[in-house]
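Novice:
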Amino acid sequence: MSVDTVVRASVRLRASPLHDLVLTHLRALWRDPGTLAADPGAAALANATTELLRALLTSAAHDTDDHRVRSALDDSLAARITAYVRRHLTDPELTPDRIAREHAVSRRQLYVVLARVGISLEQWVIGERLEAACRLLTSPRHVGLPVSAVAARCGFTSPSHFTRRFRAAYGVTPREWRRLRIQDAASSPRAEQ
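Residues are numbered in our numbering as their position in the sequence shown, beginning at 1, plus a constant of 52.
1. Is Asp143 helix, strand or coil when you go by DSSP?
2. Can you name, in chain order, every residue of its own chain whose Cβ lies under 7 Å from the Cβ of Asp143, other than the five neighbours on each side?
3. Should Ala113 be labelled buried (16 or more other beta-carbon atoms within 10 Å of its own) or exposed?
4. Using only the alpha-carbon positions, how far apart do Ala94 and Leu81 sit?
5. Does the Cβ of Ala152 have 16 or more other Cβ atoms within 10 Å, making it buried, or fewer, making it exposed?
6. Sort Val195, His155, Ser210 and Ser54 by Cα distance to Arg106 and report the nearest one.
7. Within its chain, find whatever has a CB closer than 6 Å to the CB of Val165; leave out the 5 residues flanking it on each side and keep chain order.
8. Assuming the contact rule is C-beta atoms closer than 8 Å, Leu109 and Thr57 should be a hit. Round their C-beta distance to whole Å, please.
9. Does the Cβ-Cβ distance between Val137 and Val169 come in under 8 Å?
10. Measure the alpha-carbon distance for Ala237 versus Arg230 and round it to whole angstroms.
11. Kindly give me the distance between the Cβ atoms of Pro226 and Ala184, rounded to whole angstroms, as I take these residues to be in contact under 8 Å.
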């Protein structure tokens, strides 16, 4: 991106339709940067953040009818969608129609955009929710939380659906997984010190 583009954008950031989205995203990153940096998805998050910023600068520097703005918005759409989904992951009302509506695309276009970057929406959302559930199940703060509450906090509307999906992904029920992980943690060398 040229210096001229960045300078032009700097005085028009609030005029961009992406301004509030990027601001919300950056504020979310600021809340717990240590946890995000340690997450296995940190590199993908960094790339998505870079693409969002590039799209904001391009949008603010040019008229929205400009082909460069359209191109930047299109290029960053998958990153914007995944960032949105991660922010709303625990919401059981997160549906493909809602995601498409929030990004001003059709449901079909939503699937096409995500397929281009190798994402199957339903499987990806379930996977992200299951990873969040794994963290909750073994978190010392949440060790007494019932499995049904973990399911609800991670966006699953049905505890039985959660248990089926969890078993399919990890080979054990959430309750068994929690028990095994807690046993492993108790018998680790660090726990004995």
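Just so it is clear, CB atoms sit at the ideal spot from N, CA and C, and this is done for glycine as well.
Specialist: Reading from the atomic positions:
1. Mapped onto the sequence shown, residue 143 falls at position 91. Residue state, collapsed to three classes: coil.
2. For this step, residue 143 is matched to residue 91 along the sequence shown. Only Gly207 meet the Cβ criterion.
3. On the sequence shown, position 61 is the one that residue 113 refers to. So Ala113 ends up on the buried side.
4. As a position in the sequence shown, residue 94 is number 42, starting the count at 1. As a position in the sequence shown, residue 81 is number 29, starting the count at 1. Cα to Cα, the separation comes out at about 11 Å.
5. The residue given as residue 152 occupies position 100 in the sequence shown. Burial call: buried.
6. Numbered from 1 along the sequence shown, position 54 holds the residue referred to as residue 106. Closest by alpha carbon: Ser54.
7. As a first step, residue 165 must be located in the sequence shown, where it is residue number 113. Leu129 and Ala130.
8. Taking the first residue of the sequence shown as 1, we reach residue 109 at position 57. Taking the first residue of the sequence shown as 1, we reach residue 57 at position 5. With a Cβ gap of about 6 Å, Leu109 and Thr57 count as contacting.
9. By 1-based counting over the sequence shown, the position of residue 137 is 85. By 1-based counting over the sequence shown, the position of residue 169 is 117. No, Cβ-Cβ distance for Val137 and Val169 is not below 8 Å.
10. As a working mapping, residue 237 is identified with position 185 in the sequence shown. As a working mapping, residue 230 is identified with position 178 in the sequence shown. If I take the Cα positions, the gap works out to 10 Å.
11. As a working mapping, residue 226 is identified with position 174 in the sequence shown. As a working mapping, residue 184 is identified with position 132 in the sequence shown. Contact doesn't hold; Cβ gap of about 12 Å is too wide.
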